[in-house]
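Okay, so here's the structure we're looking at.
Shown next as structure tokens:
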């Protein structure tokens, strides 16, 4: 009668499947570059770590989400393969790919810690104000003492030892804050919100902390000229307000606010204006400001339907291929089929995260999972949309694929949080069955 | 430099593998959606008054012995008939009379009891509950011909003997 | 709780729509707009491609490797086995010489792509190109021009194939790109070694253009070969002073002698009789000013420049042009093509440079050939001029054009120019009865064509005729 095998077996076999995909991809790029196949230990380390993580999580619990880890595993393997194939800009060594593996291992460990450490996800909800204030403080510190890399001040140095991107961490903190606040005060917000002149309004008394926090973040992003993060936070805020009140009007208001804000920012900051005019016509300055988006488009075109094959294209010509434009590298070497496959992986992860959200048994868990799902989906769409000229290019990383320690670690922590929420939903969660 | 044929075959194999992976995950994901869906749908159904008491005549004609017919399930074939004896336990563990290898079904989930040709359904305090015509049951309830019993992602129709 | 769960379901549809839009957009850039993006001039891949694919090589018609390729650290670099003689054809990088024009063939793109190459090599493979150039003639011509500035061009009179196209001074393509300093020196060299003189050099044609004037007036029925002219040493024609090269003037002479002895005054008079409109018409029929259709990069091939016959000086300009002076400038290639038309009884051809393009496995994908440009002048007019050119070699200024046992038809010229010493011109075809080769030579600022240029023509022609 057993038609559906145990979820655990599904997860393990899917992880092994992902190892197969990762190994094949990596071996192909090794062969194309004429390098020894033994380098494929990197992807094996990634999948190995995830399998160990899955087994360790199995020790504690009977059931949990079993689809997110394999999906993430495929993305991480592809990311490491592409990074290895690109080589480090300038030197042609493979330090970035190896470092990425270490970040993934670290992220996996933190995901496990989150999973073990958080017995009840609601305990996190009680820290909502602390999370919100910490997010604002982090962003403020970046603005004051940040280090500039590639023209944007998005990095913070810890004891002159490690640098990290506070935006990535602030995303998680903001998700906790918004979910906590709305779980607490959502009912008040919903009851006091009304529709006037077709636009939704809220009672300022109840929405004030929310609006204050969000506008503070947006102000910092605008001052830092980080248009992508501003769009991400605004989108998250709109989504959460919709969940709190059930009014779609926030979407309209939010988009209007964003467009007006972007136009004002474009007028005030030449940097933002440049990005927008380049987006509208990159051919106006093909060797200067339009260089990056144009070369990304040429990479897409070079890929065609089936792609050049890993290591056989000219993906190393793509500027910033390690982070912002890594999708262009995938699209060139794996073609339209590959780029749609990667988009499907992102779609599945977002959908699964939303599924965890709507099946959650408590409000905070549902809202937190929905917030994390929205961040993940929105960030992927903003970054890939920038490459595909759907929107202007923004300096953000593509989750699990791009190179970047903070990004990888934070996304794994978010994964851990989703698993914690799913644990409460999944039937017979922590209670033993018999 | 490896021979081109390896690289070309590998390229297509890689793409095929990723798509197979995507399809497998997609199907698993949809199973979860489907499994979660009946519970949600039933939870939201408005309750018709006294519907429990009205058996459908057509089911009386077809079968001689009382049984459960699978209406929809992710683990059993739809239309499958499970004859009912004295008392029948439903659950995930193999020692049950009706085994549902379903993640939404508890080890010992529910029990159907027979007393004087009357059938009663009992929930074993399962995680996800047992539903009769969309309504979760707490105490023992009597079931009649045509009633729909939902356990996890499986929905049975109870057919009385004639 | 139930409402929240329903709201989340609805919210989840928004990113789903977003991802769907991204999928469609991928299709738009990767399939619909792909061809246009690949051809975009800003695309760095076009320049990088020759180093990534297994590139094609270029051979001379007699099978010598002209432009090779070898792999260094996973990337392909060009080699130049016959460095100097072919430098202007091979160029010194991917943007010079024939390589931009042959890019698709050499990198296996477009109609030269072979899907089987992907299976054998895992990456595209370029096609090999065979030129019509004869390496021996090219080497000889380069050697003969050494130490001078000038050009040699030889054509097959039957097929229109370009057998030799040499330019001097030459350079070594391996050296000039070694450092920016060397490249600067090369670029700023006053002798302009980079200039590919057969198609890029623009010169006053001098008396070699009298071939055209003679053919045109004969075709128009204005004169006959034996029509007589009077030549004083200096005459004023249409307000322009024309000086004959003979200090005392030739006196009474026929058109044949005028061409053989290069009498400016006779041709000045003929030009005047022909009139500007008809003269321009014949220039167009001989395609004298057309830029050659050869596979060089953009801006390499040059069109000739004609003096404008307008305003008060119109007739004076025409008279000067009729014997090859004035503001009209032509390429050596144009004079070779003019000679070719005379050799072929007036039937004009556009010469070609690419013999064939074939894959590494030997499958011929494209074969070159000359295109017909129509009848420039009547057969009679062309053979009359050919006869005069034979006379020029046998008894006139072109004595040094003569090849043993072969009757040669030719014309020499000494073109006055602002740089000082006249440019030496010579153009000829042989054998006169059934022409096989056409050779045209110019040596810049070298003196009389009959003395400097004619021996070069003679040697190249002898080699090509196996004499």
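Protein chains in written order, with the working numbering: chain B, 1 to 434; chain C, 1001 to 1162; chain H, 2001 to 2467.
For each residue, glycine too, the CB sits at the ideal point set by N, CA and C.
Requested in this report: Would you check if there are 3 or more beta carbon pairs closer than 8 angstroms linking the segment 1002-1011 of chain C to the segment 123-132 of chain B?
Outcome: These segments do not touch.
Query raised in the report: Closest Cβ-Cβ distance between residue 1018/C and chain B: below 8 angstroms?
Result: Here residue 1018/C corresponds to residue number 18 of the second chain, with the count starting at 1. Yes, residue 1018/C counts as interfacial toward chain B.
Report task. May I ask you to report which of helix, strand or coil DSSP gives residue 2020/H? Result -> Within the third chain, residue 2020/H is the residue found at index 20, counting from 1. Reduced to three states, the DSSP call for residue 2020/H is helix.
Query raised in the report: Since residue 2188/H is in the beta strand (DSSP E), which residue starts that stretch and which ends it?
Result: Translated into positions along the third chain, residue 2188/H becomes position 188. Counting along the chain, residue 2188/H falls outside any beta strand (DSSP E), though it belongs to the alpha helix (DSSP H) covering 2180-2188.
Report task. List the residues that DSSP assigns as beta-bridge partners of residue 2075/H. Result -> Walking along the third chain from the start, residue 2075/H turns up at place 75. Paired residues: 2072/H.
Query raised in the report: Skipping 5 residues on each side, what residues in its chain have a beta carbon closer than 7 angstroms to that of residue 1046/C?
Result: Along the second chain, one-based indexing puts residue 1046/C at 46. Per-residue confidence for residue 1046/C stands at a pLDDT of 42, beneath the threshold of 50, marking its modelled position as unreliable; the derived number appears in the next sentence. The beta carbon of residue 1046/C is closer than 7 angstroms to none in its chain, skipping five residues each way along the sequence.
Query raised in the report: Going along chain B, which residues have a C-beta under 8 angstroms from residue 2009/H?
Result: Looking up residue 2009/H in the third chain gives position 9. Residues of chain B passing the Cβ test: 354, 358.
Query raised in the report: Is the beta carbon of residue 368/B less than 8 angstroms from the beta carbon of residue 175/B?
Result: Counted from its first residue, the first chain places residue 368/B at position 368. Counted from its first residue, the first chain places residue 175/B at position 175. Contact flag set, yes.
Report task. Check whether the segment 1009-1025 of chain C touches the segment 43-63 of chain B, taking contact to mean three or more Cβ pairs, one atom from each stretch, closer than 8 angstroms. Result -> By the C-beta criterion, the segment 1009-1025 of chain C is judged not to be in contact with the segment 43-63 of chain B, since fewer than 3 inter-stretch pairs fall below 8 angstroms.
Report task. Find the nearest neighbour of residue 2082/H within the set 2094/H, 2074/H, 2064/H, judged by alpha-carbon distance. Result -> Numbered from 1 along the third chain, position 82 holds the residue referred to as residue 2082/H. Nearest option by C-alpha distance: 2064/H.
Query raised in the report: What span of residues does the beta strand (DSSP E) with residue 435/B cover, start to end?
Result: Within the shown structure, residues of chain B are numbered from 1 to 434, placing residue 435/B beyond reach of any answer.
Query - Residue span of the alpha helix (DSSP H) that contains residue 2317/H, given as start and end - result: Within the third chain, numbered from 1, the residue matching residue 2317/H stands at position 317. Membership of residue 2317/H in the alpha helix (DSSP H) is indicated by the continuous run 2314-2322.
Requested in this report: Note down, in chain order, all residues in the segment 75-96 of chain B with a beta-carbon under 7 angstroms from any beta-carbon belonging to chain H.
Outcome: Residues passing the 7 angstroms Cβ filter: none.
Query raised in the report: When you check each C-beta in the segment 2087-2110 of chain H against every C-beta of chain B, which residues fall closer than 9 angstroms?
Result: Residues: none.
Query raised in the report: Given that a residue counts as buried once 16 or more other Cβ atoms are within 10 Å of its Cβ, and exposed if not, what is residue 2179/H?
Result: Residue mapping note: residue 2179/H aligns to position 179 of the third chain, counting from 1. Looking at its Cβ environment, which holds fewer than 16 other Cβ atoms inside 10 Å, residue 2179/H is exposed.
Report task. Answer with yes or no whether the minimum CB distance from residue 2123/H to chain C is below 8 angstroms. Result -> For the purposes of this step, residue 2123/H is identified with residue 123 of the third chain, where counting begins at 1. Judged by the 8 angstroms Cβ criterion, residue 2123/H is in contact with chain C.
Query raised in the report: Which value, in whole angstroms, describes the spacing of the CA atoms of residue 2017/H and residue 2188/H?
Result: What you label residue 2017/H is simply residue 17 of the third chain in a count that begins at 1. What you label residue 2188/H is simply residue 188 of the third chain in a count that begins at 1. In this structure, the CA atom of residue 2017/H is about 60 angstroms from the CA atom of residue 2188/H.
Query raised in the report: What is the rounded straight-line gap between the Cα of residue 2434/H and the Cα of residue 2339/H?
Result: Taking the third chain and counting its residues from 1, the one referred to as residue 2434/H is at position 434. Taking the third chain and counting its residues from 1, the one referred to as residue 2339/H is at position 339. When the Cα atoms are used, residue 2434/H and residue 2339/H turn out to be separated by approximately 14 angstroms.
Query raised in the report: What residue does the beta strand (DSSP E) around residue 2289/H start on, and which one ends it?
Result: Residue mapping note: residue 2289/H aligns to position 289 of the third chain, counting from 1. Taken as a continuous stretch (DSSP letters only), residue 2289/H belongs to no beta strand (DSSP E), as it is neither H nor E.
Report task. Find out if the Cβ-Cβ distance for the pair residue 2130/H, residue 2061/H is shorter than 8 angstroms. Result -> Against the third chain, residue 2130/H aligns to sequence position 130. Against the third chain, residue 2061/H aligns to sequence position 61. Taking 8 angstroms as the Cβ cut-off, residue 2130/H and residue 2061/H qualify as a contacting pair.
Requested in this report: Identify whether residue 2366/H lies in helix, strand or coil by the three-state DSSP scheme.
Outcome: Locating residue 2366/H in the third chain gives position 366, counting from the first residue. Residue 2366/H: strand per DSSP, three-state reduction.
Query raised in the report: Taking buried to mean at least 16 other C-beta atoms within 10 Å of its own C-beta, is residue 2513/H buried or exposed?
Result: There is simply no residue 2513/H to check, as chain H begins at 2001 and stops at 2467 in what is shown.
Report task. Taking only beta-carbon positions, decide if residue 1005/C is within less than 8 angstroms of chain H. Result -> Here the question's residue 1005/C lines up with position 5 in the second chain. For residue 1005/C, the answer is yes, since a Cβ of chain H falls inside 8 angstroms of its Cβ.
Query - Pairwise C-alpha distance: residue 2453/H and residue 2314/H - result: To locate residue 2314/H, count along the third chain from 1; it is residue 314. To locate residue 2453/H, count along the third chain from 1; it is residue 453. Spanning the two alpha carbons is a distance of roughly 32 angstroms.
**Report entry** Within chain C, partners of residue 337/B - CB distance below 7 angstroms
**Finding:** Taking the first residue of the first chain as position 1, residue 337/B is located at position 337. Residues of chain C whose Cβ lies closer than 7 angstroms to the Cβ of residue 337/B are, in chain order, 1015.
Report task. Please list the segments of the alpha helix (DSSP H) lying wholly inside the segment 266-338 of chain B, counting only runs of 4 or more residues, in order along the chain. Result -> Correct list: 270-280, 291-303.
Report task. Measuring alpha carbon to alpha carbon, tell me which of 2034/H, 2021/H, 2024/H, 2211/H ends up nearest residue 294/B. Result -> Within the first chain, the letter at position 294 stands for residue 294/B. Closest by alpha carbon: 2034/H.
Report task. Excluding the 5 residues preceding and the 5 following residue 12/B in the sequence, name in chain order all residues of the same chain whose CB lies nearer than 6 angstroms to its CB. Result -> Counting from one through the first chain, the residue named residue 12/B turns up at place 12. Take residue 12/B, set aside five residues on each side of it, and no residue of its chain has a beta-carbon closer than 6 angstroms to its own.
Query raised in the report: Where are the beta strand (DSSP E) runs, 3 residues long or more, that stay fully inside the segment 2324-2412 of chain H, in chain order?
Result: Within the segment 2324-2412 of chain H, the complete beta strand (DSSP E) runs of at least 3 residues fall at 2347-2350, 2354-2358, 2364-2367, 2371-2375.
Query - Own chain, CB closer than 6 angstroms to residue 2136/H, minus 5 neighbours either side, in chain order - result: The residue given as residue 2136/H occupies position 136 in the third chain. Closer than 6 angstroms at Cβ, skipping near neighbours: no residue.
Query raised in the report: In chain C, which residues lie with their C-beta within 8 angstroms of the C-beta of residue 21/B?
Result: Here residue 21/B refers to the residue found at position 21 of the first chain. Those are 1014, 1017, 1018, 1021, listed as they occur along chain C.
Query raised in the report: With 16 other CB atoms within 10 Å as the buried threshold, where does residue 1117/C fall?
Result: For the purposes of this step, residue 1117/C is taken as residue 117 along the second chain, with counting starting at 1. When all chains shown are included, residue 1117/C counts as exposed.
Report task. Use the C-beta contact count for residue 2362/H: other C-beta atoms within 10 angstroms, 16 or more gives buried, fewer gives exposed. Result -> The sequence position of residue 2362/H within the third chain is 362, counting from 1. Around the Cβ of residue 2362/H, a 10 Å sphere holds fewer than 16 other Cβ atoms; the residue is exposed.
Report task. Could you tell me which residues DSSP puts in a beta bridge with residue 2059/H? Result -> Counting from one through the third chain, the residue named residue 2059/H turns up at place 59. Partner residues in the beta bridge of residue 2059/H, as assigned by DSSP, are 2065/H, 2130/H.
Query raised in the report: Does the distance from the C-beta atom of residue 262/B to that of residue 227/B stay below 8 angstroms?
Result: The count along the first chain starts at 1 and reaches residue 262/B at position 262. The count along the first chain starts at 1 and reaches residue 227/B at position 227. Their beta carbons are under 8 angstroms apart, which means residue 262/B touches residue 227/B by this criterion.
Report task. Please report how far the alpha carbon of residue 1133/C lies from the alpha carbon of residue 1150/C, in whole angstroms. Result -> Sequence index remark: in the second chain, residue 1133/C carries index 133 (1-based). Sequence index remark: in the second chain, residue 1150/C carries index 150 (1-based). Distance between the alpha carbons of residue 1133/C and residue 1150/C: 8 angstroms.
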